[in-house]
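Please read the structure below before turning to the comments.
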Amino acid sequence: MLKIRTAGINDIPLIRQLTFNVWPQTYAVLLSQEQIDYMLELMYSEESLRKQFESGCIFIVVYDDAEPVGFASYQEIKPYTWKLHKLYVLSSQQGKGTGRFVIDHIIKEIKNLQAIALQLQVKRDNTARIFYEKAGFNIIEEIKLDIGNGYYMEDYIMEKKV
Numbered sequence: 052m053l054k055i056r057t058a059g060i061n062d063i064p065l066i067r068q069l070t071f072n073v074w075p076q077t078y079a080v081l082l083s084q085e086q087i088d089y090m091l092e093l094m095y096s097e098e099s100l101r102k103q104f105e106s107g108c109i110f111i112v113v114y115d116d117a118e119p120v121g122f123a124s125y126q127e128i129k130p131y132t133w134k135l136h137k138l139y140v141l142s143s144q145q146g147k148g149t150g151r152f153v154i155d156h157i158i159k160e161i162k163n164l165q166a167i168a169l170q171l172q173v174k175r176d177n178t179a180r181i182f183y184e185k186a187g188f189n190i191i192e193e194i195k196l197d198i199g200n201g202y203y204m205e206d207y208i209m210e211k212k213v
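Set out below in C-alpha cells:
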C-alpha cells in the first residue's frame with residue numbers, strides 16, 4: 052500500500068539515495084554523463100538539498116509498504132501558485148500509479164492552502180511530459196535556462212489548474 056511522509060533535513064541521505072537510484076537511469080538517454088554528474092552535484096548535493104529545505108521546499112517520501120520508492124518536492128512560487136520541483140519514483144514503480152498518487156497528494160495539500168495552480172518544468176524531449184499531460188497538465192511556456200558549465204535546461208513549463 053502506498054503512503055506518503057513529509058521529509059525533513061534528516062532525510063537528506065534517503066533523498067540522495069533515491070536520487071542516485073532514479074536520476075542516472077532516467078536521464079541517461081537524454082543527457083551526457085558529464086551533464087548528469089554536474090546536475091546531480093548542483094541540485095542534489097547535501098548542501099543544495101539543505102538550502103532547498105531552508106528556502107521552504109516541502110519534501111515528501113513515498114513508500115510502498117515499508118520500502119521508500121520515490122520522493123517529490125514542491126513550493127509556493129508566487130501567491131496561490133505552487134511548483135512541483137521534483138518527482139521521482141523507482142523504475143520498478145513506474146506505470147503502477149505511484150506518480151499519480153504523489154501528484155494527487157500534493158494537489159490535495161496545496162488546495163488546502165488556497166492554491167489555484169501547480170506548475171512544473173520538464174525537459175522538452177523527456178517522455179515524462181506525456182505522463183504529466185495525462186495527469187491534466189498543459190504546456191504554458193518553453194524556456195531555456197543557463198545552468199552553468201556550458202549546460203542548458205531546455206524545458207517546458209506545464210501547469211495544472213487546481
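All you need for the working numbering is the position in the sequence shown, starting with 1, plus 51.
Just so you know, even glycine gets a beta-carbon here, dropped at the ideal spot from N, CA and C.
Computed from a predicted model, the values in this text were never measured in an experiment.
*In chain order, which beta strand (DSSP E) runs of at least 3 residues are fully inside the region 167-207?*
168-174 and 189-199
*Alpha carbon to alpha carbon, how far is P119 from V112?*
7 Å
*Taking Cβ to Cβ, would you say M209 is nearer than 9 Å to K195?*
no
*Is it true that the region 82-91 meets the region 134-145, where meeting means three or more beta-carbon pairs spaced less than 8 Å apart?*
no
*Please check if any C-beta of chain D sits within less than 9 Å of the C-beta of D176.*
Going by chain labels, chain D is absent from the structure shown, which holds only one protein chain.
*Do you know whose CA, among I191, Y207, I167 and R151, lies nearest R175's CA?*
Y207
*Three-state secondary structure assigned by DSSP to Q103*: helix
*Just list the beta strand (DSSP E) runs in the region 116-167, keeping only unbroken ones of 3 residues or longer that don't cross its boundaries, in chain order.*
118-129 and 132-140
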